[in-house]
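Chemist: Below you will find the structure I want to go over with you.
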Amino acid sequence: MTAATQTPPAVEAGYNYGYLNEQTKRMIRRAILKAVAIPGYQVPFAGREMPMPYGWGTGGIQLSASILGPEDVFKVIDQGADDTTNAVSIRKFFAKVTGVKTTERTGDATVIQTRHRIPETPLKDGQIMVYQVPIPEPLRWVEPREIETRTMHALEEYGVMHVQLYEDIARHGRIATNFMYPVKVNGRYIMSPSPIPKFDNPKLDNSPALHIFGAGREKRIYAIPPHTEVRSLDFEDYPFEVETWDGCCALCGATDSYLDEVILNDSGERMFVCSDTDYCATRRGQGHTGPMADREDISELTGDKPETQDKTA
Amino acid sequence: MTTLPHPMIRVRGITKKYGEMIGCRDISFDLWPGEVMGIVGESGSGKSTLLGCLSGRLEPTTGSVGYASREFGDIDVHGCAEPVRRKLLRTELGVVHQNPRDGLRLGVTAGANLGERLMSVGARHYGDIRAEALKWLAEVEIEAGRIDHFPKTFSGGMQQRLQIACNLITQPRIVFMDENTGGLDVSVQARLLELLRNLVSRLGLSVIIVTHDLAVARLLAHRLMVMQRGQVVETGLTDQVLDDPQHPYTQLLVSSILQA
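Protein sequence lines correspond, in order, to chains P and X. Residues in the first sequence are numbered from 1 upward in steps of one, following this note's numbering. Residues in the second sequence are numbered from 1001 upward in steps of one, following this note's numbering.
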């Protein structure tokens, strides 16, 4: 995390360490410090153009570029998986412009960039989660005017937030919001936890890790410092609940993880698997098996094939 | 009570300028609890500007609006801190807009519109919020079955009644109404007026109602203020003003009504 002005040998020639110039990184770090000092408050920052389109994680990679030091170990997940296109590209990008070690193991990583998930493996002291945020403003749904939303945050006028939850119950009989489920941080600011499923919301509460959120298009940074109270909004008679599944992961048999539904073939066969690929692989490595673990036709899902050339370090 | 109650609102020397243009000039009056005051005048005479200043949404150029608040005591509506003013607008003051679409959230259901003010003052029990919303739908004669419908599917008259219910749900003490019967057909107008009269007398509301329909003024208002070019040209009891108008403009206004 200390500012690295010297360039490690592996770094691509012609680029500054971490792609961004030092002044930009310093500006972003200042915004991060402010965000940490005011948990849940959206700090504006001078977002830069990054070599990828808005919506692909420009906020997240600016944060990562600003905090990655030569000693860090970097992990990227997209939809919980380490091997999806966006995750692979961002991991490669940072291997190229910083030379840091990369990993798929949650436990080994010091910085984890993510969009949709928080890893199932509990986070530890010293780890930093970096989120790519599409819409940082939780009040946007009810109030389109930015001036008004900022006033509402300033004055803690959050009653209208519950209108969304009310609508859910009126229409679906339960709170049907499943992701970007609004939370109250440290008893003060209402914050959108990026598009993580509400399944992951409880992991934010009193987490030992630092969570920082970057929205590239809207140019906002916000944070949850370690060991901070994070409460999901709810009604007294409709308390907050997370998603549950009837079955277990078809590959590793886990019952405690967030499951994705995968359609297997045209005859409607389907399976549920852990969205967190590292968690699933680790469990299978420990000998846990699910009901479909031995199926030949889906062996590519288990990732039992030789590792691709992705491991740069 | 033997002593005279405290005035609900004390308006002193309100002037609002838009650059060089005068919105309204040097207006002063008191409004008492349970009193309904009508403001009439031609369009462009500053009625809505005055209403905006009174309800705290528009900062007057000079002058003050004092309000006897249930929660905060005697306060100056424009001199107090913004959070207090905004809280008042959600609790003790109600603003019924001319166009119900300005006062409602069209993207959420009628129930959520009704519940919003309750939730904004801390209600967090879905069942209670819903029960209260149903109660107020009944008050304004909208079927309970419409609670989960969007206001945009409501007729103009229903939207107006919903907007009134949305304002009354937190039991405000003063309601500001701007031209609420315009654009409604006569029978709907009559029912809306009847409803308003009932609610006002039952709940002891103080109301300031802007209108250019003298019939509405006669039916609802105890007291009348006639405005022309930003100034009050005549005030008095409604019947007095309408039956024996003194100012040339009021005389013109009264004589312009078609006799049915």
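C-beta: ideal position from N, C-alpha, C; glycine also.
Return the residues of the segment 157 to 171 of chain P that lie within a Cβ-Cβ distance of less than 9 Å from chain X, sorted by chain order.
Modeler: For the segment 157 to 171 of chain P, which is checked against every Cβ of chain X, the residues closer than 9 Å are Glu157, Tyr158, Gly159, Val160, Met161, His162, Val163, Gln164, Leu165, Tyr166, Glu167, Ile169, Ala170, Arg171.
Chemist: Can you list, in chain order, the residues of its chain with a C-beta nearer than 8 Å to that of aspartate 125 of chain P? Leave out the 5 residues immediately preceding and following it.
Modeler: Cβ neighbours of aspartate 125 of chain P beyond the five flanking positions: Pro208, Ala209, Pro226.
Chemist: List the residues that DSSP assigns as beta-bridge partners of leucine 1199 of chain X.
Modeler: Note: leucine 1199 of chain X sits in no beta bridge, so no partner.
Chemist: Indicate the three-state DSSP secondary structure (helix, strand or coil) for glycine 214 of chain P in the structure shown.
Modeler: Three-state DSSP puts glycine 214 of chain P in a strand.
Chemist: Under a three-way DSSP split, which group does aspartate 297 of chain P fall into?
Modeler: Helix at aspartate 297 of chain P.
Chemist: According to DSSP, aspartate 1178 of chain X sits in a beta bridge with which residue or residues?
Modeler: Per DSSP, X/Val1210.
Chemist: With a CB to CB cut of under 8 Å and the five nearest residues on each side skipped, what residues in its chain are close to glutamate 261 of chain P?
Modeler: So the qualifying residues of the chain are Arg270, Met271, Phe272.
Chemist: Let me know the secondary structure DSSP gives proline 8 of chain P once reduced to three states.
Modeler: Legend: pLDDT at proline 8 of chain P = 47, less than 50; position of this residue unreliable, no value from coordinates given.
Chemist: Residues in the same chain with beta-carbon distance under 6 Å from asparagine 16 of chain P, minus the five sequence neighbours each way, listed in chain order, please.
Modeler: Hits under 6 Å: none found.
Chemist: Interface residues of chain X around phenylalanine 235 of chain P at Cβ under 7 Å?
Modeler: Here the neighbours are Arg1124, His1125, Tyr1126.
Chemist: With a threshold of 8 Å, are at least 3 pairs of Cβ atoms found where one atom belongs to the segment 1197 to 1204 of chain X and the other to the segment 1012 to 1031 of chain X?
Modeler: Touching, no.
Chemist: For cysteine 1166 of chain X versus arginine 1117 of chain X, is the C-beta spacing smaller than 8 Å?
Modeler: The answer is yes: Cβ separation under 8 Å.
Chemist: Quick check: the Cα distance between asparagine 206 of chain P and threonine 151 of chain P, rounded to an integer number of angstroms?
Modeler: Whole-angstrom Cα-Cα distance: 28 Å.
Chemist: Can you list, in chain order, the stretches of the beta strand (DSSP E) that have 3 or more residues and sit fully within the segment 1033 to 1103 of chain X?
Modeler: The segment 1033 to 1103 of chain X contains these whole beta strand (DSSP E) runs: 1036 to 1041, 1062 to 1069, 1073 to 1076, 1093 to 1096.
Chemist: What is the C-beta distance between alanine 170 of chain P and threonine 1109 of chain X, in whole angstroms, given that I count them as a contact (C-beta under 8 Å)?
Modeler: Indeed, because the Cβ distance is near 6 Å, the residues count as touching under 8 Å.
Chemist: DSSP puts glutamate 261 of chain P in a beta bridge; with which residues?
Modeler: Beta-bridge pairing links glutamate 261 of chain P to P/Phe272.
Chemist: I'd like the list of long-range same chain contacts for arginine 1070 of chain X, defined as Cβ closer than 7 Å, with 5 residues on each side in sequence excluded.
Modeler: Here the set comprises Glu1092, Arg1173.
Chemist: May I ask you to list the residues that DSSP assigns as paired with threonine 1015 of chain X?
Modeler: Per DSSP, X/Thr1062.
Chemist: Pick from X/Leu1196, X/Ile1014, X/Thr1211: whose alpha carbon is nearest that of glycine 1182 of chain X?
Modeler: Residue X/Thr1211 is the option with its Cα nearest to glycine 1182 of chain X.
Chemist: If we count Cβ pairs, one from each stretch, closer than 8 Å, do we get three or more for the segment 1031 to 1048 of chain X versus the segment 1212 to 1230 of chain X?
Modeler: Touching, yes.
Chemist: Classify threonine 1002 of chain X as helix, strand or coil using the three-state DSSP reduction.
Modeler: Reliability fails at threonine 1002 of chain X, whose pLDDT of 49 lies under 50, so the model's placement of it is uncertain and the value that follows must be treated cautiously. Coil, per DSSP.
Chemist: Where do the N-terminal and C-terminal ends of the beta strand (DSSP E) with isoleucine 221 of chain P fall, by residue?
Modeler: Counting along the chain, the beta strand (DSSP E) containing isoleucine 221 of chain P begins and ends at 220 to 224.
Chemist: How many Å lie between aspartate 1243 of chain X and lysine 1047 of chain X at the Cα?
Modeler: Cα to Cα, aspartate 1243 of chain X sits roughly 22 Å from lysine 1047 of chain X.
Chemist: Less than 8 Å between the C-beta atoms of arginine 283 of chain P and cysteine 252 of chain P, yes or no?
Modeler: Yes, they are a contact pair.
Chemist: Relative to the C-alpha of proline 239 of chain P, which candidate in P/Val185, P/Tyr279, P/His162 has its C-alpha closest?
Modeler: Ranking P/Val185, P/Tyr279, P/His162 by Cα distance to proline 239 of chain P puts P/His162 first.
Chemist: Is the segment 48 to 66 of chain P touching the segment 210 to 222 of chain P, taking contact as three or more C-beta pairs under 8 Å?
Modeler: Yes: the two stretches touch, three or more of their Cβ pairs being nearer than 8 Å.
Chemist: Is it the case that the Cβ atoms of threonine 277 of chain P and glycine 80 of chain P are separated by a distance below 8 Å?
Modeler: Contact flag set, yes.
Chemist: Between the alpha carbons of valine 1207 of chain X and glutamine 113 of chain P, how many angstroms are there, rounded?
Modeler: Cα to Cα, the separation comes out at about 57 Å.
Chemist: Can you grab the Cα-Cα spacing for the pair glycine 1094 of chain X / phenylalanine 179 of chain P, in whole Å?
Modeler: In a straight line, the C-alpha of glycine 1094 of chain X is about 35 Å away from that of phenylalanine 179 of chain P.
Chemist: Taking a Cβ distance cut-off of 9 Å, strictly less, list which residues of the segment 248 to 276 of chain P are near chain X, in chain order.
Modeler: Result list empty, no residue passes.
Chemist: Using three-state DSSP, classify leucine 20 of chain P as helix, strand or coil.
Modeler: Here leucine 20 of chain P sits in coil by DSSP.
Chemist: For asparagine 1113 of chain X, verify whether its CB is less than 7 Å away from any heavy atom of the ligand ATP.
Modeler: For the ligand ATP, the structure offers nothing, since it holds no ligand at all.
Chemist: Out of curiosity, what's the CA-to-CA distance linking threonine 308 of chain P and glutamate 12 of chain P?
Modeler: Below a pLDDT of 50, predicted positions are generally treated as unreliable, and threonine 308 of chain P, at 47, falls in that range; the measurement from the model is reported next regardless. Taking the straight line joining both Cα atoms gives about 21 Å.
Chemist: Pull out every residue of the segment 1140 to 1157 of chain X whose Cβ sits closer than 8 Å to any Cβ of chain P, in chain order.
Modeler: Cβ contacts with chain P: Ile1147, Asp1148.
Chemist: Does DSSP classify glutamine 42 of chain P as helix, strand or coil?
Modeler: In the structure shown, glutamine 42 of chain P sits in coil (DSSP, three-state: anything other than H, G, I, E or B).
Chemist: Determine the DSSP secondary structure at valine 1228 of chain X, reduced to helix, strand or coil.
Modeler: The amino acid occupying residue 1228 of chain X in the given sequence is glutamine; valine does not appear at that position. Residue state, collapsed to three classes: strand.
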